[in-house]
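Asks: Protein sequences appear in the order of chains A and B.
In terms of full-length UniProt numbering, the first sequence opens at residue 1 and continues consecutively.
In terms of full-length UniProt numbering, the second sequence opens at residue 1 and continues consecutively.
Just passing along the structure, written as structure tokens.
Protein chains: 2
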Amino acid sequence: MTKSSKKKATIYDLSVLSGSSPSTVSAVLNGTWQKRRIKESTAALIRDLAETHQYTANRQARGLRSSRSGLIGLLLPVHDNRYFSSMAQTFEAHVRSKGQCPIVVSASRDPEEERKTAETLISYSIDELFICGATDPDGVHEVCETVGLKHINIDLPGTKVPSVISDNYEGGRMLTEAIIRHFPADQPLRADELYLFGGRDDHASRERIRGFRAVKRELLEDDPDGCIQPTGYAPNNARLAFEAFYEKHGKLPRGLFVNSSINFEGLLRFMAGHPHENFADLVVGCYDYDPFASFLPFPVIMIRQDVEGMITKAFEVIEEGRPQPRIHLISPELVQPRTALTGPLDALRDID
Amino acid sequence: MTKSSKKKATIYDLSVLSGSSPSTVSAVLNGTWQKRRIKESTAALIRDLAETHQYTANRQARGLRSSRSGLIGLLLPVHDNRYFSSMAQTFEAHVRSKGQCPIVVSASRDPEEERKTAETLISYSIDELFICGATDPDGVHEVCETVGLKHINIDLPGTKVPSVISDNYEGGRMLTEAIIRHFPADQPLRADELYLFGGRDDHASRERIRGFRAVKRELLEDDPDGCIQPTGYAPNNARLAFEAFYEKHGKLPRGLFVNSSINFEGLLRFMAGHPHENFADLVVGCYDYDPFASFLPFPVIMIRQDVEGMITKAFEVIEEGRPQPRIHLISPELVQPRTALTGPLDALRDID
DNA sequence: CTTGTTTGCACAATCGATGGTGCACAGACT
DNA sequence: AGTCTGTGCACCATCGATTGTGCAAACAAG
């Protein structure tokens, strides 16, 4: 606050103050000064001035000139859900450790919105784009490709660039098997008592369903089509599906495979109208992890996708020169009922 | 894709194609062309070319020239928590409806990090900054003030600019009263059976505690100091506090006021080591809403802060010319156990 | 003392869009 | 014909940083 005026200092201000040229100031402050053979003493002087005048580079100017911005984008379906928000949290930590600035935006699972959002980000000259859970990854690819923007898919695969996704087939198998085995031997689950609700016709849902059906055939010797209810991701659609089932059968299936925590919220909405006691022997498997869901009054087996692993892998792959459009599978983890796992938050200190 | 080259079209490209000057192209495409008395037919031609060549303005160039970027920042403590992620979701919707681009960043409740993050955002010439849940709002204010950046506090108040916050005192009262009244008349809660866990020495915690204590004195006629356990926000610190209590008393208090859903996760971690049956008559009030927490096996009364209301108010206030640094209180809502509320997600369509 | 090399830096173009200023031309009016 | 008022647009400086190029001074070699 010494005598800082209203506006920010620029290299021109420092150039006047130091008696050097703007280009020298620039070189000193962006680290290329050795290459330009600037004297150590000159550099020191300029660094000093920059310090006392609280100089920070104008990134728009830098970005304009260098056509790089220091921004790395993450395109999400939505923010307010544990899976995607921990994606955001993890992503942010990685980006900032690289000295860049994260910019996280959601696009509501709408292909048109996804493309427009990508274009907006591009107009800010972002340096890389992580496309997470996009409904139409290849559509976003198009717009990235035409401007030569590096990008990668996460969670849902595209066909044009590498994708880092959860091993949904294996996860679907694990979860299905865990649900089945959770029933006691004297009251085993029948094939027509295990339903899958939620998800839609995307890669993740298809793979989970494939795993679900395969395990049902292996362990329960049957796999009726009617047990698959892809209701979409909206909680209320899931709620309606549960209500319809309940109307028809007077109860829920004993075994439920719920395709995501968002769909699980649909189950909650349904349950709000019924006492817990109606669901005494219910076992739920949910393809997502939420600590509170894990402690519900009925057994809830969950899948925690390895967000840290996916983000780490994605950064590795995107650094490669010309990566092949292959799919990298990251194994998820089965979480037994009543388990409180730690998350990215635990890495933060808490000042008291 | 017609014949789009590698690089993006600029006003200069369109200027050549249309036979007009770059400034004319610029005026047409940014809407100031009427003011510049450009002929309608010229404008139409240019708009047409822009369309077919997929022109989008380079925002870094525009921002550099106009010292505005179209970016509006939101500074959060963390992403991966229902309260803050719904803050992000709501914020994003508002910003985009204004035709600007949201940039959401977290700063881990660390004053130093908060200031640095604000400075980074400033270096991108963001147009406004919403400071949410900052540990040191006035510190961030300093850095905004020196560059003349409009800003506002949300969730935790500062003293230099307006703040839009939850009515924590009233919320604390409502929640405390609801916990007490949840016990049957024949087994009423005693003053030394109602504890508050979590939070630290910030404005929100203080106000909630004030409400908690006031209601205890009013309804339970006493308010022992020992019943206040501000453990900070880290889940593991809360867990340790619960474990210490349990070690000492062989049980948990019958009534628990948990200061945030993050602290509630600490309670879950504690509970993971004990069967539910140990907490048969437990009643928990949590100052935050999470749909899954609402359905836990014991009664969980929650407070849902009015995120939509806060964001709306914040946008109103920040638009004012020279707003006074007053505090705007937004009433939160009491949520009874087993309630599944809708959220910002429900506004999204779900294509099937 | 001359030529060659290295050191240390200044100059100026450039990125793409914006907006103040000015100017040519057309029509109206005296 | 001469002046005036509009119309429609072009010109050019500017925002702040980056970067290729050039050049003087210092020094070394012959």
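We put the beta carbon where it would ideally sit given N, CA and C, even for glycine.
How should A43 (chain A) be labelled, buried or exposed, when 16 other C-beta atoms within 10 angstroms of its C-beta is the threshold for buried?
Replies: buried
Asks: Using 10 angstroms around the beta-carbon of residue 406 (chain B), count the other beta-carbons present and answer buried if the total reaches 16, otherwise exposed.
Replies: Summary: the structure shown does not reach residue 406 (chain B), with chain B confined to residues 1 through 352, and so no result is reported for it.
Asks: Using CA atoms only, rank isn't needed, just tell me which of B:N153, B:L219 and B:G199 is closest to A185 (chain B).
Replies: Of the candidates B:N153, B:L219 and B:G199, the one whose C-alpha sits nearest the C-alpha of A185 (chain B) is B:L219.
Asks: Using the beta-carbon of each residue, which ones in chain B are nearer than 8 Å to L282 (chain A)?
Replies: By Cβ distance, chain B contributes nothing, its closest Cβ being about 12 Å from L282 (chain A), past 8 Å.
Asks: Can you list, in chain order, the residues of its chain whose CB lies under 7 Å from that of I318 (chain A), leaving out five sequence neighbours each side?
Replies: E128, K150 and I152
Asks: With 8 Å set as the bound, which would you pick, yes or no: does the beta-carbon of R59 (chain B) sit closer than that to a beta-carbon of chain A?
Replies: yes
Asks: Please tell me whether Q100 (chain B) and L71 (chain B) are closer than 8 Å, where the distance is taken between their beta carbons.
Replies: yes
Asks: So E92 (chain B) contacts chain A; which residues on that side make the cut at Cβ distance below 8 Å?
Replies: H79, V105 and S106
Asks: Distance, Cα to Cα, S123 (chain B) vs I46 (chain A)?
Replies: 19 Å
Asks: In chain B, which residues lie less than 8 Å from D346 (chain A) when you measure between Cβ atoms?
Replies: A234, P235 and N236
Asks: Quick one: which unbroken beta strand (DSSP E) runs of 3-plus residues sit fully inside the region 3-90 of chain A? Chain order, please.
Replies: 71-76
Asks: Out of A:D222, A:E51, A:D192 and A:G232, point me to the one whose CA is closest to R206 (chain A)'s CA.
Replies: Nearest in C-alpha terms to R206 (chain A), of all of A:D222, A:E51, A:D192 and A:G232, is A:G232.
Asks: Work out the CA separation of E170 (chain A) and I131 (chain B) for me, nearest whole Å.
Replies: Those two C-alpha atoms are separated by around 42 Å.
Asks: Helix, strand or coil for F140 (chain A), going by three-state DSSP, please let me know.
Replies: According to the sequence as given, residue 140 (chain A) is Val; it is not Phe. V140 (chain A) falls in the helix class under three-state DSSP.
Asks: Can you confirm whether G199 (chain A), when its beta carbon is compared against all beta carbons of chain B, has any partner nearer than 8 Å?
Replies: no
Asks: Around the C-beta of P344 (chain B), are 16 or more other C-beta atoms found within 10 angstroms, so that it is buried, or is it exposed?
Replies: buried
Asks: Where in the region 159-219 of chain B do unbroken runs of the beta strand (DSSP E), each at least 3 residues long, occur, reported from the N-terminal end onward?
Replies: Segments of the beta strand (DSSP E) lying fully in the region 159-219 of chain B: 163-166 and 194-197.
Asks: Excluding the five sequence neighbours on either side, which residues of its own chain have a C-beta within less than 7 Å of the C-beta of D346 (chain A), listed in chain order?
Replies: none
Asks: Once DSSP output is grouped into helix, strand and coil, what is the label at L156 (chain B)?
Replies: coil
Asks: Tell me, please, whether the CB atom of C101 (chain A) is closer than 8 Å to any CB atom in chain B?
Replies: yes
Asks: Please name the residue or residues paired with M302 (chain A) in a DSSP beta bridge.
Replies: Beta-bridge pairing by DSSP links M302 (chain A) to A:C286 and A:V335.
Asks: Nearest by alpha-carbon distance to S85 (chain A): which of B:P275, B:K216 and B:S106 is it?
Replies: B:S106
Asks: Any idea what DSSP makes of H274 (chain A), helix, strand or coil?
Replies: coil
Asks: So the beta strand (DSSP E) L121 (chain A) belongs to, where does it begin and stop?
Replies: Counting along the chain, L121 (chain A) falls outside any beta strand (DSSP E), though it belongs to the alpha helix (DSSP H) covering P111 to S123.
Asks: Identify every residue that forms a DSSP beta bridge with L267 (chain A).
Replies: Bridge partners of L267 (chain A): none, in fact.
Asks: Give the straight-line distance between the Cα atoms of I311 (chain A) and S21 (chain A), rounded to the nearest whole angstrom.
Replies: 42 Å
Asks: Using a Cβ cut-off of 9 Å, pull out every chain B residue sitting near Q34 (chain A), in sequence order please.
Replies: What Q34 (chain A) touches in chain B: nothing, since even the nearest Cβ is about 24 Å away.
Asks: Mind checking whether P291 (chain B) and N263 (chain B) have CB atoms under 8 Å apart?
Replies: no
Asks: At a cut-off of 7 Å, would you count R36 (chain B) as near the ligand GDP, judging by its Cβ distance to the nearest heavy atom?
Replies: The ligand content of the structure shown is nil, which means the ligand GDP is not present either.
Asks: Between A293 (chain B) and chain A, is there a C-beta pair that is closer than 8 Å?
Replies: yes
Asks: Where does L240 (chain B) sit, in a helix, a strand or coil, going by DSSP?
Replies: helix
Asks: Start and end of the alpha helix (DSSP H) containing F130 (chain A)?
Replies: Taken as a continuous stretch (DSSP letters only), F130 (chain A) belongs to no alpha helix (DSSP H), being part of the beta strand (DSSP E) at E128 to C132.
Asks: Looking at the C-beta of D155 (chain B), does it have a partner C-beta in chain A at a distance below 8 Å?
Replies: no
Asks: For chain B, find out if any of its Cβ atoms is closer than 8 Å to the Cβ of P297 (chain A); answer yes or no.
Replies: Yes, P297 (chain A) counts as interfacial toward chain B.
Asks: Kindly give me the distance between the Cβ atoms of H141 (chain A) and K160 (chain A), rounded to whole angstroms, as I take these residues to be in contact under 8 Å.
Replies: 4 Å
Asks: Decide yes or no for the touch test of the region 256-272 of chain A against the region 192-206 of chain A: beta carbon pairs closer than 8 Å, at least 3 of them.
Replies: yes
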